[in-house]
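Sequence lines, in order, name chains A and B. The UniProt record's numbering numbers the first residue of the first sequence as 1 and each following residue consecutively. The UniProt record's numbering numbers the first residue of the second sequence as 1 and each following residue consecutively.
Number of protein chains: 2
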Amino acid sequence: MKHEETVSGVKEGRVARRQRRNREALIRAASDVMSEKGIDAATMLEIADRADVGAGTVYNYFRSKDDLAIAVLEEVMQGLALRVESATAGYEDAARIYAITLMTMLETATSDPRWQQLLNRSGIVADVMFRRMGPFTIDLLSRAKASGRLQAGDPELTWRLSTHAIVGFGLAVIRKEVAPVSLPTAAIRLMSLAGLDASEAESLLSKPRPTLPPEVALQPLSLDEQ
Amino acid sequence: MKHEETVSGVKEGRVARRQRRNREALIRAASDVMSEKGIDAATMLEIADRADVGAGTVYNYFRSKDDLAIAVLEEVMQGLALRVESATAGYEDAARIYAITLMTMLETATSDPRWQQLLNRSGIVADVMFRRMGPFTIDLLSRAKASGRLQAGDPELTWRLSTHAIVGFGLAVIRKEVAPVSLPTAAIRLMSLAGLDASEAESLLSKPRPTLPPEVALQPLSLDEQ
DNA sequence: TCTTATAGATGAACGATATTCAACTCCGAA
DNA sequence: TTCGGAGTTGAATATCGTTCATCTATAAGA
């Protein structure tokens with residue numbers, strides 16, 4: 001059971017390598033299929049096929065289809081987190097970072113085709129988003145509050161409400177129920193959840209609107225980056 | 001084809017009566033089963049059985065299971081609308097009415113056991129809620145804005161964001177991820193989406209906190225009322 | 001009242017799909 | 001080289017939503 005050391009950093013045996021490949025291939029395949037047809041329409045068989053794996057093997061790695069969907073969402077969310085990270089790099093003011101974060105999330109959720117299908121399971125998406133971005137955002141809100149910049153009463157509550165609002169807004173945009181123009185408006189409204197009035201929020205977002213270097217702005221969103 | 005007049009107000013024939021009974025029985029049965037086990041776990045067969053109807057009959061009244069779920073949600077939402085109506089009866093100030101509306105919706109979504117299962121399909125719930133309460137709430141926001149009481153930029157956007165936030169908050173409460181104490185806090189935060197700062201919102205909600213007469217406060221939520 | 005065309009009800013059958021499991025493969029330790 | 005078992009496999013299972021050929025009861029006409 002210990003032929004090759006499995007401790008991190010050391011060569012892994014063929015079994016371990018195969019397992020790693022399978023898990024990655026499965027998540028990638030699931031991400032592809034689910035982004036193409038939506039989570040519900042994606043079948044476990046097609047996912048298994050695309051991952052070059054037997055149908056039963058999927059269940060060695062994921063308890064259920066929903067479990068797999070969550071894993072996919074966590075991967076995709078990782079991409080969003082990275083994008084937020086680069087968009088906010090260099091800024092100090094927590095309030096501004098928060099504003100940029102909201103804007104980036106709104107943009108991502110409404111522009112990346114991959115999200116358009118995933119958002120349909122808005123419940124799961126909001127869950128994962130809340131947890132994945134929670135620590136970062138809640139800390140941000142706490143700092144902004146401490147510095148007197150925002151007055152968001154309970155950062156966790158604020159973030160929870162914002163998360164669902166973002167997902168809901170994304171859904172609406174994708175279904176064309178809302179004009180894409182209102183995207184910055186939505187960001188400003190969401191800032192108000194954190195206790196910033198419209199004019200201040202607007203200035204945070206518009207003044208030196210962070211024009212990211214293209215390579216950052218175009219950074220791919222998920223699996224393709226480590 | 002016209003033995004008994006089918007025009008409204010006139011005696012209906014047996015066929016028409018049976019159809020009305022079936023439709024009502026189906027919605028009631030679906031509401032029961034879906035509230036007990038959740039929308040997904042509810043099977044069309046059990047719903048048909050409880051409505052004393054053949055499995056295929058359901059499809060004479062509803063195009064699909066989702067269609068049926070939406071019909072159920074619209075019924076349940078009707079109850080919420082009535083509850084909001086009585087809770088706000090007599091008030092003039094649009095801003096205050098809006099505040100009470102938010103509070104009532106939050107209370108309902110988090111306290112009525114029937115909602116606890118339905119909320120899992122948060123996407124559909126938010127959709128129906130947005131449409132069902134939309135005209136009322138958007139008008140409210142517009143009036144409050146006109147009177148200078150609120151500054152909600154785009155009432156429709158504000159209401160859309162709020163709707164999803166309410167549903168998400170309800171979900172979190174039901175899953176015990178959030179302390180029920182924060183319910184008024186949540187209402188205050190949601191008021192901020194409409195452009196009212198925390199202190200003002202608090203006064204709107206706390207000062208003469210509308211202590212409704214019990215018969216109004218306890219009003220049942222849906223199917224049991226016409 | 002009797003006949004009859006048909007709207008509406010019925011539930012067995014269908015198709016799709018998530019999930020299970022008994023058989024099989026192949027890795028890796030001795 | 002052998003062998004135990006972890007990991008894989010895909011056919012079989014179970015469950016449902018949905019369809020449809022068949023049947024029933026109604027209402028209009030005779």
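All C-beta atoms in this analysis are idealised placements derived from N, C-alpha and C, irrespective of residue type, glycine included.
Which of helix, strand or coil does DSSP assign to residue i?
i: residue 16 of chain A; result: helix
i: residue 66 of chain A; result: helix
i: residue 98 of chain A; result: helix
i: residue 23 of chain A; result: helix
i: residue 37 of chain A; result: helix
i: residue 6 of chain A; result: For residue 6 of chain A, the predicted model reports a pLDDT of 41, less than 50, meaning its position is unreliable; a value from the coordinates is still stated below. Coil, per DSSP.
i: residue 85 of chain B; result: helix
i: residue 1 of chain B; result: With a pLDDT of only 39 at residue 1 of chain B, under the threshold of 50, the placement of this residue in the model should not be trusted; the figure read from the coordinates follows. Three-state result, residue 1 of chain B: coil.
i: residue 76 of chain A; result: helix
i: residue 123 of chain B; result: helix
i: residue 54 of chain B; result: coil
i: residue 152 of chain B; result: coil
i: residue 178 of chain B; result: coil
i: residue 59 of chain B; result: helix
i: residue 107 of chain B; result: helix
i: residue 134 of chain A; result: helix
i: residue 49 of chain B; result: helix
i: residue 187 of chain B; result: helix
i: residue 147 of chain B; result: coil
i: residue 228 of chain B; result: Any question about residue 228 of chain B goes unanswered here, given that chain B covers just 1 to 226.
i: residue 194 of chain B; result: coil
i: residue 93 of chain A; result: coil
i: residue 139 of chain B; result: helix
Give a yes or no on whether 8 Å exceeds the smallest Cβ distance from residue i to chain A.
i: residue 43 of chain B; result: no
i: residue 62 of chain B; result: no
i: residue 116 of chain B; result: no
i: residue 109 of chain B; result: no
i: residue 147 of chain B; result: no
i: residue 186 of chain B; result: yes
i: residue 178 of chain B; result: yes
i: residue 13 of chain B; result: no
Does the beta carbon of residue i sit closer than 8 Å to a beta carbon anywhere in chain B?
i: residue 120 of chain A; result: yes
i: residue 171 of chain A; result: yes
i: residue 160 of chain A; result: yes
i: residue 165 of chain A; result: yes
i: residue 144 of chain A; result: no
i: residue 154 of chain A; result: yes
i: residue 157 of chain A; result: yes
i: residue 3 of chain A; result: Low confidence applies here, because residue 3 of chain A scores a pLDDT of 41, under 50, leaving its location unreliable; read the following figure in that light. Taking Cβ atoms only, chain B never reaches closer than 8 Å to residue 3 of chain A, which makes this a no.
So does residue i have its beta carbon nearer than 7 Å to some heavy atom of the ligand NAD?
i: residue 156 of chain B; result: For the ligand NAD, the structure offers nothing, since it holds no ligand at all.
Under DSSP, the alpha helix (DSSP H) around residue i begins and ends at which residues?
i: residue 203 of chain A; result: 198 to 206
i: residue 162 of chain A; result: 155 to 174
i: residue 42 of chain B; result: Residue 42 of chain B -> no alpha helix (DSSP H), and no H or E assigned at all.
Check: Which residues, in order along the segment 126 to 141 of chain B, keep a beta-carbon less than 7 Å from a beta-carbon of chain A?
Finding: 126
Note to self: Give me the subset of the UniProt domain "HTH tetR-type" (20 to 80) of chain B whose CB atoms are less than 9 Å from a CB atom of chain A, sorted by chain position.
What the structure shows: none
Check: Residues in the segment 86 to 107 of chain B with C-beta within 8 Å of chain A's C-beta atoms, listed in sequence order?
Finding: none
Note to self: At a CB distance below 8 Å, what residues from the segment 189 to 205 of chain A approach chain B? Give them in sequence order.
What the structure shows: 189, 190, 192, 193, 195, 197 and 198
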